[in-house]
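Letter by letter, the sequence shown follows residues 0 to 791 of numbering that gives the first Met the number 0.
Just so you know, even glycine gets a beta-carbon here, dropped at the ideal spot from N, CA and C.
Written out below as C-alpha cells is the structure these notes cover.
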Amino acid sequence: MKAKLLALAMIGMMFATTFAGTAGASVDAVPAIADVVNVGASAAASDVSIYKDPNQPVDARVEDLLSRMTLDEKIEQMHGNMADPETMSTIYNSRLGIPGFNFSDGPRGERWGYTTTFPVGIACGATWNEGLEYLVGVVMGNETSARGRDVIFAPCMNLVRDSHGGRSQETYGEDTWHVGRMGVALIEGIQSEGAMACAKHYAANSDENNRHQKNSILDPRTLYEIYLPHFKMAVVEADVASVMPAYNRLNGEYCAGNYQLLRQILKGEWGFDGLTVSDWFGTEGPIVEHIESFGGPMLNSQLPINFIKMVASNTNPNATGIKSPTPYDAIQAGLDVEMPEPYLYNYEFNVLASSGQIQQYLIDDAVRRILRAKFEYGLFDEPKKANDAFVETPEHIALTREVEHEAAVLLKNDGNTLPFDIGAIKSIAVIGPAADDKDRLGDHGSSNAQPTPEKLITTLMGIKNKVGSGVKVSYDNGSDPAAAAELAKTCDAAVVVVGRNYLEEAEAKDLDSLALSGTQPELINAVCSANKNSVVVLIAGSAVTMQEWIANAPAILMAWYPGMEGGNAIADIVFGDVCPSGRIPITFPKSEDQLPLFDSYKMDDVYSYYHGYRYFDKNNLEPLFPFGYGLSYTTFEYSNMKIDKSIIGLDGKVKVSVDVKNTGDVAGDEVVQLYIGYEGSKVERSVKDLKGFNKVFLQPGEKKTVTIEVAAENVSYYSAGLGKFVVEPITYNVLVGASSRDIRETGLFRISENQAEVDAENQKSAKTPGFEVALAFVALGAISIILRKKRL
Ligand code: BGC
C-alpha cells in the first residue's frame with residue numbers, strides 16, 4: 000500500500016473503536032424470563048440465558064434462541080417491517096428481545112441522511128487501487144454504524160456488459176477479476192467497522208429497462224467464468240455478510256427464487272454462511288415491472304408504499320405469462336429475508352409451514368443465518384448508536400477528494416495542454432451544463448447518497464478555490480454554444496464541463512445513446528475552436544462516444560460522477576497539483592456500431608461469453624480507448640519481466656515481477672496490468688483475460704519492482720460436462736502492460752499435470768544459481784592460473 004495511504008489507515012483504526020457500544024447494553028432491553036411465554040418444554044431455567052450471554056459461542060446462542068422461537072416468530076424474522084416499510088428494517092421481537100436489521104443503501108456513500116458522498120462505483124473502479132477502496136469501505140462502514148444502521152447494500156458488483164446499462168455507474172467496470180478485487184476491498188473495509196456489507200446484484204444483472212422481467216440466459220461457461228467469480232471472491236475471500244439476489248431471472252427463474260444460484264452455488268459450492276436479502280420487491284416479478292413502467296423508478300422509497308400496492312392490486316400478474324417465484328421456490332432456493340414486505344413469506348406461508356407443506360428445516364436454515372449475523376455483528380450486545388458527529392468528518396470528506404484524484408482518467412492531452420500553468424493564466428472560462436450543477440453526483444435511484452448541500456463542490460467552485468483572486472474566472476452554462484465560444488475566445492484557457500445526468504442514465508433507466516446529448520457536442524466544438532487551450536471534462540457514469548467532437552478537443556478528462564469534493568479534485572488535476580492516475584475500467588467504443596445490438600427491453604436476453612475488451616479482442620476491433628487505458632503527466636518504462644517458475648502443477652502459482660520506472664519529471668502512479676493468454680487450449684478461450692494488477696507510486700526517476708501472483712486455479716475454464724473448473728496442462732502467455740492494448744513485456748509459463756516433471760524442473764532451476772557460481776569460480780581460477788603463468 001502506498002505511503003500516503005498509511006496515514007489514512009489511521010482513520011480506520013480510529014473508527015474501529017468509535018462505535019464499540021457498551022457490551023451487554025442491549026441485553027438489558029431483553030425482556031425478563033418471566034415475560035417469556037412460549038419457552039419450549041426443554042428450556043430449563045439454567046440455560047435460559049445462553050443466547051443473552053455474549054460469552055457463549057455464537058452457534059450455541061443461535062441454537063438456544065432458535066429453540067425458543069415459535070413458527071410465527073421465525074417467519075417474522077424473514078421479512079421486512081410491514082408496519083413501516085420506509086424504515087428499511089426488519090421486525091424487532093419484543094418477547095425475546097431479537098433486534099431487527101436496519102438497512103441502508105450504498106455504494107456511493109452510506110445513504111441514510113446527508114453523508115460523505117464518494118465518486119460513483121465506476122470511478123472507484125477507475126482508481127484500480129484496492130488499498131484506497133478499502134478505506135472507502137472503512138468510511139462507509141463507519142458512517143453506516145454512525146447512522147444506527149446495521150447493513151449497507153454495497154458493493155454493487157454487476158458487470159458492465161454494455162455501457163448503455165443505467166447502473167454501470169454503480170459498479171466497478173466490465174471485467175470479472177477487476178470487479179472482484181475492488182469489491183473484496185470495499186467489503187473488507189465496511190466489515191472492519193462492524194457493519195455488514197451486501198454484495199449485489201447476484202447475478203447476471205446488467206441493464207435496467209425491463210429489469211423485473213428480463214430473463215438473462217447464460218450457458219454454464221458464461222455463468223461460471225464471467226458472471227460468478229467476482230461474487231465468489233466476495234464470499235470466499237471477503238466473507239461478505241449478505242448477498243442480494245438480483246431482480247432479473249436467470250435461465251428462466253427469478254434470482255430471488257433461483258435454486259441453482261442461491262442454494263446450490265452460493266450456499267453449497269461456495270459455503271456461504273451469511274444471509275440472502277431480496278432486492279426491493281424482487282420476489283414480486285412482473286407486477287413490479289408493471290408498476291415501474293407506469294411510474295418510473297419508484298422502488299427506491301421515493302413513493303409511498305401504499306401507492307405502489309394500490310397500483311399492484313390493479314395489476315394482473317399473470318398477464319405476461321412469466322412465473323413469479325412461489326413461496327416454495329423462495330424458501331427452497333434459500334432466500335432468507337424478503338424485502339421490503341412479506342409478499343411470499345406471509346400469512347399463507349405460515350399456514351403452509353404449519354401444515355408441514357413447507358419444511359421446518361428450511362425455515363430454520365434461514366433463521367439460523369439471520370440470527371448468526373445478528374450475534375456476529377453485535378446487534379444483540381453492541382447495538383449501533385446513531386451519532387451524526389461521525390458523519391461527513393473532514394477526514395472522510397478529504398478521502399472523497401483523494402479517490403477522485405485517482406479516479407479521473409486523462410483520455411487525451413495533445414501537446415501537453417494539461418496541466419494548465421497557473422502562473423501563465425490571467426483569465427479562465429468555465430463553461431457547460433455540468434460546470435456548476437450540484438445535481439451531478441450520479442443517479443437518483445437507491446444509491447442516491449447526498450452530502451450536506453453546502454459541502455458539495457462543483458467544478459466551477461473548485462476552479463475558483465484553486466486559482467484564487469488573481470485569476471478572473473468567467474462562467475457560462477453553455478446553453479448558447481456561440482456565446483460560450485465568444486467568452487472562451489477572450490480567456491487564456493477554457494474548461495468545458497459536459498456529460499450526463501440522472502435522467503439519462505440511472506437505476507431503472509438505461510441510456511438511449513452513448514453520445515453526449517443535446518447541443519453539447521456543438522458546444523465542445525465551438526469552445527475548443529475558439530480557444531486551443533481548452534479541456535473537456537466529462538461528468539458521466541459510463542463510456543461516451545466522441546466522433547462528433549473529439550478531433551477538436553485538445554484535452555479530455557473523464558471525471559465520472561466525481562463525489563462531493565469533485566470540483567476541488569478536478570481543479571487539482573487540471574492545474575497539475577495532482578498527476579492523473581485513473582484508468583478506464585470499461586472499453587470506450589469509437590461508435591455504437593462496434594457494439595452488439597443493445598436492446599434492454601428484450602425479454603429473453605442471451606448473454607455472450609464475450610463483452611468489453613474480450614469482445615473487442617475476439618473481433619479484432621480497435622476501440623476509441625481500450626480497457627485499462629489512461630494518460631499521465633509523466634511516462635513509465637517497463638523492463639526486466641521475470642516469471643519465477645517456467646512450469647507449475649495443477650495447483651501451483653507463479654510470481655511475475657517487472658521493473659517499472661518513472662521516466663518523466665513529475666511523481667505519478669502507474670497501474671501495472673497483467674493479462675493471461677492461452678496456447679493450445681482445447682476449448683475456446685478469450686484472447687486474453689485480466690488476472691492481476693497493481694498500482695505503484697513513483698517519484699521522477701524512481702524504479703520499483705512490481706510483483707503479481709497468478710494461481711493455476713485462476714486460469715482454469717469451466718467444463719459443463721464435468722460440472723467443475725478444469726486447469727489445463729498447456730502454455731500460458733503472460734502479458735504485462737499499461738492497458739489491455741499497451742502490452743510492454745511478455746513471457747510464458749506452462750502448467751503440467753505431471754507433478755514429477757514439475758518437481759524436476761523446479762529442482763533444476765533451484766540448482767542453477769549454485770551451478771553458475773561454481774562455474775564462475777572455476778573460470779576465475781583458470782584465469783588467475785593463466786595470469787600467474789604469464790607473470791612467471
Ligand atoms: C435496488 C437495490 C437497493 C434496494 C433498496 C432496489 O431498487 O435495486 O440496489 O439496494 O432498492 O433500496
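- For the segment 121–130 against the segment 465–480, are there 3 or more C-beta pairs whose distance is under 8 Å? no
- Query: Can you tell which of 163, 648, 175 and 713 has the C-alpha that lies nearest to the C-alpha of residue 157?
  - Reply: In the sequence shown, counting from the first residue as 1, residue 157 sits at position 158. Taking only the C-alpha atoms, the option nearest residue 157 is 175.
- Message: In this structure, how does DSSP classify residue 792 when only helix, strand and coil are distinguished?
- Response: This structure cannot settle anything about residue 792, because the visible part of the chain is limited to 0 through 791.
- How is residue 672 classed by DSSP in three states: helix, strand or coil? As a first step, residue 672 must be located in the sequence shown, where it is residue number 673. In this structure, residue 672 counts as strand in the three-state DSSP scheme.
- Item | Proximal residues to residue 73 (C-beta, below 6 Å), its chain only, five neighbours per side dropped | The residue labelled residue 73 in the question sits at position 74 within the sequence shown. Once the five neighbours on either side are set aside, the close Cβ partners of residue 73 are 362 and 366.
- From residue 563 to residue 576, what distance separates their C-alpha atoms? As a working mapping, residue 563 is identified with position 564 in the sequence shown. As a working mapping, residue 576 is identified with position 577 in the sequence shown. Roughly 19 Å between the two C-alpha positions.
- Item | Local Cβ density within 10 Å of residue 594, reported as buried at 16 or more and exposed below that | Taking the sequence shown and counting its residues from 1, one reaches residue 594 at position 595. Residue 594 is buried by the Cβ-count criterion.
- Query: To the nearest angstrom, how far is it from the Cα of residue 382 to the Cα of residue 427?
  - Reply: As a working note, residue 382 is residue 383 in the sequence shown. As a working note, residue 427 is residue 428 in the sequence shown. Computed Cα separation, rounded: 52 Å.
- Message: At a threshold of 8 Å, does residue 338 count as lining the ligand BGC (C-beta to nearest heavy atom)?
- Response: By one-based count along the sequence shown, residue 338 stands at place 339. Yes, the beta carbon of residue 338 sits closer than 8 Å to at least one heavy atom of the ligand BGC.
- Would you give the residue range spanned by the alpha helix (DSSP H) that residue 232 belongs to? For the purposes of this step, residue 232 is taken as residue 233 along the sequence shown, with counting starting at 1. Element bounds for residue 232: 228–235.
- Given that a residue counts as buried once 16 or more other Cβ atoms are within 10 Å of its Cβ, and exposed if not, what is residue 267? Working through the sequence shown from its first residue, we reach residue 267 at position 268. Per the 10 Å Cβ criterion, exposed.
- Which value, in whole angstroms, describes the spacing of the CA atoms of residue 661 and residue 702? Taking the sequence shown and counting its residues from 1, one reaches residue 661 at position 662. Taking the sequence shown and counting its residues from 1, one reaches residue 702 at position 703. The straight-line gap from Cα to Cα measures roughly 6 Å.
- Message: Could you check if residue 104 belongs to the surroundings of the ligand FMN, using beta carbon to heavy atom distance under 8 Å?
- Response: Although the ligand FMN was asked about, the structure shown includes only the ligand BGC as ligands.
- Message: If we require 4 or more residues per run, which alpha helix (DSSP H) segments fall completely within the segment 95–143?
- Response: 120–126
- Task: Look at residue 196 and residue 240 and say whether their C-beta atoms are less than 9 Å apart.
- Result: Walking along the sequence shown from the start, residue 196 turns up at place 197. Walking along the sequence shown from the start, residue 240 turns up at place 241. Cβ atoms of residue 196 and residue 240: closer than 9 Å.
- Beta-carbon contacts of residue 614 that lie in its chain and below 6 Å, excluding the five residues immediately before and after: Counting from 1 along the sequence shown, the entry for residue 614 is found at position 615. Within the same chain, residue 614 has no close Cβ partners at all.
- Does any residue of chain B bring its CB to less than 9 Å from the CB of residue 93? In the structure shown, chain B cannot be found, because there is only a single protein chain.
- Task: Along the alpha helix (DSSP H) that carries residue 177, what are the first and last residues, could you check?
- Result: Position 178 of the sequence shown, counted from the first residue, corresponds to residue 177. Per DSSP, residue 177 belongs to the alpha helix (DSSP H) from 175–191.
- Query: Beta-carbon separation of residue 284 and residue 258 under 9 Å?
  - Reply: Here residue 284 refers to the residue found at position 285 when the sequence shown is read from its first residue. Here residue 258 refers to the residue found at position 259 when the sequence shown is read from its first residue. Not in contact: residue 284 and residue 258 (Cβ atoms no closer than 9 Å).
- Helix or strand or just coil, what does DSSP make of residue 164? Within the sequence shown, numbered from 1, the residue matching residue 164 stands at position 165. Coil at residue 164, not helix or strand.
- Query: Given a threshold of 16 other Cβ atoms within 10 Å of its Cβ, counted over all protein chains shown, does residue 221 qualify as buried or as exposed?
  - Reply: Position 222 of the sequence shown, counted from the first residue, corresponds to residue 221. When all chains shown are included, residue 221 counts as buried.
- Item | Cβ shell of residue 36 (< 8 Å), same chain only, five flanking positions each side left out | Taking the first residue of the sequence shown as position 1, residue 36 is located at position 37. Residue confidence for residue 36 is low, a pLDDT of 29 falling below 50, so the modelled location carries little weight and cannot support an answer.
- Message: Can you find the residues in the same chain that come closer than 6 Å, C-beta to C-beta, to residue 148, ignoring five residues on each side of it along the sequence?
- Response: In the sequence shown, counting from the first residue as 1, residue 148 sits at position 149. Here the set comprises 101, 103 and 111.
- Whether residue 558 touches residue 448 by CB criterion (9 Å): As a working mapping, residue 558 is identified with position 559 in the sequence shown. As a working mapping, residue 448 is identified with position 449 in the sequence shown. Their beta carbons are not under 9 Å apart, which means residue 558 does not touch residue 448 by this criterion.
- Query: Which residues bound the beta strand (DSSP E) around residue 486?
  - Reply: One-based indexing of the sequence shown puts residue 486 at position 487. Note, residue 486: premise wrong, no beta strand (DSSP E); alpha helix (DSSP H) at 480–488.
- Query: Would residue 92 be called buried (16 or more neighbouring beta carbons within 10 Å of its own) or exposed?
  - Reply: The sequence position of residue 92 within the sequence shown is 93, counting from 1. Buried.
- Query: How far does the beta strand (DSSP E) with residue 587 in it reach, from first residue to last?
  - Reply: To locate residue 587, count along the sequence shown from 1; it is residue 588. From DSSP, residue 587 is part of no beta strand (DSSP E); its letter is neither H nor E.
- Message: Quick check on residue 65: does DSSP put it in helix, strand or coil?
- Response: For the purposes of this step, residue 65 is taken as the residue at position 66 of the sequence shown. It is helical.
- Item | 8 Å contact criterion, which residue 680 and residue 760 should meet: CB distance rounded | Stepping through the sequence shown from its first residue, residue 680 is reached at position 681. Stepping through the sequence shown from its first residue, residue 760 is reached at position 761. No, residue 680 and residue 760 are not in contact; Cβ-Cβ is about 21 Å, not under 8 Å.
- In the DSSP assignment, find the beta strand (DSSP E) that holds residue 732 and state where it starts and stops. Within the sequence shown, the letter at position 733 stands for residue 732. 730–738 is the extent of the beta strand (DSSP E) around residue 732.
- Item | Cross-strand partners of residue 195 (DSSP beta bridge) | Taking the first residue of the sequence shown as position 1, residue 195 is located at position 196. Beta-bridge pairing links residue 195 to 150.
- Message: Can you tell me which residues form a DSSP beta bridge with residue 749?
- Response: Mapped onto the sequence shown, residue 749 falls at position 750. For residue 749, which the question treats as bridged, DSSP gives the partners 646 and 730.
- Leaving out five residues before and five after residue 61 in sequence, what residues of the same chain have Cβ atoms less than 7 Å from its Cβ? Your numbering for residue 61 matches position 62 in the sequence shown. Taken in chain order, the residues that qualify are 367, 370, 371 and 374.
- Buried versus exposed call for residue 414 [16 or more other C-beta atoms within 10 Å across all chains shown]: Sequence index remark: in the sequence shown, residue 414 carries index 415 (1-based). The residue in question, residue 414, is exposed, as its Cβ has fewer than 16 Cβ neighbours within 10 Å.
- Query: So what does DSSP say about residue 218, is it helix, strand or coil?
  - Reply: Position 219 of the sequence shown holds residue 218. DSSP places residue 218 in coil when its eight states are reduced to three.
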